[in-house]
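Please read the structure below before turning to the comments.
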Amino acid sequence: MTVVLETQAVSKIYKSDSTPIKAVDEVSLTIRTGEFIGLVGPSGSGKTTMLAMLAALLTPSSGTIIIDDHNLAEMKEAQRTRFRREKIGFTFQQNNLLPFLNAQENVELMLRLNNRLDKRGRERAQDLLTRLGLGDRLHNLPSQLSGGQQQRVAIARALIHNPNLVLADEPTANLDTERAFQVVETFAELIHEHDRAGIMVTHDLRMCHYVDKVVQMLDGRIERIIEDRAEIEALAGTARPVETPPAIAILNSEGAQNGNVGRLAQPAPRPGFQSLPA
Ligand SMILES: Nc1ncnc2c1ncn2[C@@H]1O[C@H](COP(=O)(O)OP(=O)(O)OP(=O)(O)O)[C@@H](O)[C@H]1O
Ligand SMILES: [Mg+2]
Numbered sequence: 002m003t004v005v006l007e008t009q010a011v012s013k014i015y016k017s018d019s020t021p022i023k024a025v026d027e028v029s030l031t032i033r034t035g036e037f038i039g040l041v042g043p044s045g046s047g048k049t050t051m052l053a054m055l056a057a058l059l060t061p062s063s064g065t066i067i068i069d070d071h072n073l074a075e076m077k078e079a080q081r082t083r084f085r086r087e088k089i090g091f092t093f094q095q096n097n098l099l100p101f102l103n104a105q106e107n108v109e110l111m112l113r114l115n116n117r118l119d120k121r122g123r124e125r126a127q128d129l130l131t132r133l134g135l136g137d138r139l140h141n142l143p144s145q146l147s148g149g150q151q152q153r154v155a156i157a158r159a160l161i162h163n164p165n166l167v168l169a170d171e172p173t174a175n176l177d178t179e180r181a182f183q184v185v186e187t188f189a190e191l192i193h194e195h196d197r198a199g200i201m202v203t204h205d206l207r208m209c210h211y212v213d214k215v216v217q218m219l220d221g222r223i224e225r226i227i228e229d230r231a232e233i234e235a236l237a238g239t240a241r242p243v244e245t246p247p248a249i250a251i252l253n254s255e256g257a258q259n260g261n262v263g264r265l266a267q268p269a270p271r272p273g274f275q276s277l278p279a
């Protein structure tokens, strides 16, 4: 596995008010091809700031970010923009779909920007949207889609140009549990299938079931990196998956111990599903 991303002591200090805020504090991280990382931690721990720096949208106050052997700080702005468009795919907490383009056109936009939109690209956009359960919504405008459907369009857009690194900030925030599991499962498949690397920020620890490694942040620092499968499953609360859980099992799942990160700490068995109904 080759290294896709390496950060060395990356920090970000926001100086907006009188007291500077150290949002990210000397984070060093290595991610290789085929790895899907779950980035978790309490609100304000620096997850979005970290992702924005990795997406070359925000400049670190100090430290180095190397993606695909390129040091982001050594690039000129125009180079960085091109690099971001070609090598990185991202979806942020606000999905930023263009309101006047339909679902398929929003996904194709990344190819259009890179001058790579052809028949195959259009088919790929349709395939991706179909895999994410939107096969019958290809021609709807964002305003005609639910929040969760819009989020799935944004995920397809993040993957369409085959980026080396995919960054997703809370991709399941607007999805119900079953759809969230389906979307993250598909997301993981798409990362593993094409040997990309992916980082998903999530507050829902159950989603860690699909990641290869969990990075826990606290106060801007990496608190812990969990690589052991059994530990990840324990954190996700899916150590013993139940294929078709009775509703009562979910209702009664309060009070489980799942560590101290995230808002949705209670484990729920992974629902049994095989397909992606629209
Ligand atoms: N533009 C900004 N100016 C000043 N402070 C900021 C700015 N953006 C974020 N912060 C602060 O930096 C810290 C980290 O914020 P960040 O958005 O990275 O956290 P997060 O882990 O993504 O939180 P959440 O889970 O709520 O999305 C917080 O204390 C936040 O208030
Ligand atoms: Mg955030």
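Residue numbering for the sequence shown follows the numbering used here, beginning at 2 and increasing consecutively.
By construction, the Cβ of each residue, glycine as well, lies at the ideal position given by its N, Cα and C atoms.
Is residue i near ligand 1, going by C-beta to nearest heavy atom under 7 Å?
i, result
"Ser-46", "yes"
"Ser-17", "yes"
"Ile-22", "yes"
"Thr-8", "no"
"Gly-42", "yes"
"Thr-50", "yes"
So residue i and residue j are in contact, right, with Cβ under 8 Å, and what is the actual spacing, rounded?
i, j, result
"Ser-46", "Asp-220", "6 Å"
"Asn-165", "Asp-18", "With 8 Å as the limit, Asn-165 and Asp-18 do not qualify as a contact, their Cβ atoms being about 37 Å apart."
"Arg-125", "Ile-161", "6 Å"
"Gln-217", "Val-41", "5 Å"
"Phe-84", "Ala-169", "At roughly 19 Å, the Cβ-Cβ gap does not stay under 8 Å, so Phe-84 and Ala-169 are not in contact."
"Ala-104", "Ser-63", "Ala-104 to Ser-63, Cβ: 40 Å. No contact."
"Val-184", "Asn-107", "Rounded, the Cβ-Cβ distance is 16 Å, inconsistent with contact."
"Gln-152", "Asn-175", "5 Å"
"Ile-38", "Gly-199", "7 Å"
Measuring only from the beta carbon, is residue i closer than 7 Å to any heavy atom that is part of ligand 2?
i, result
"Thr-178", "no"
"Asp-229", "no"
"Asp-26", "no"
"Val-215", "no"
"Asp-170", "yes"
"Val-212", "no"
"Val-202", "yes"
Quick one: is residue i buried, meaning 16 or more other Cβ sit within 10 Å of its Cβ, or exposed?
i, result
"Glu-283", "The displayed coordinates of the chain run from 2 to 279. Any statement about residue 283 would go beyond what the structure contains."
"Asn-72", "exposed"
"Ala-237", "buried"
"Met-111", "buried"
"Leu-99", "exposed"
"Ser-44", "exposed"
"Lys-48", "buried"
"Pro-61", "buried"
"Asn-97", "exposed"
"Glu-194", "exposed"
"Thr-173", "buried"
"Ile-226", "exposed"
So does residue i have its beta carbon nearer than 7 Å to some heavy atom of ligand 4?
i, result
"Gln-95", "Inclusion of ligand 4 in the displayed structure is not the case, the ligand content consisting of ligand 1 and ligand 2 alone."
* Which whole runs of the beta strand (DSSP E) in the region 156 to 183 are 3 residues long or more, in chain order? -> 166 to 170
* Just list the beta strand (DSSP E) runs in the region 61 to 98, keeping only unbroken ones of 3 residues or longer that don't cross its boundaries, in chain order. => 63 to 68, 89 to 92
* Asked: Fully enclosed by the region 11 to 64, which beta strand (DSSP E) runs are 3 residues long or longer?
  -> 22 to 33, 37 to 41
* To do: Please list the segments of the beta strand (DSSP E) lying wholly inside the region 211 to 236, counting only runs of 3 or more residues, in order along the chain.
  => 214 to 219, 222 to 227
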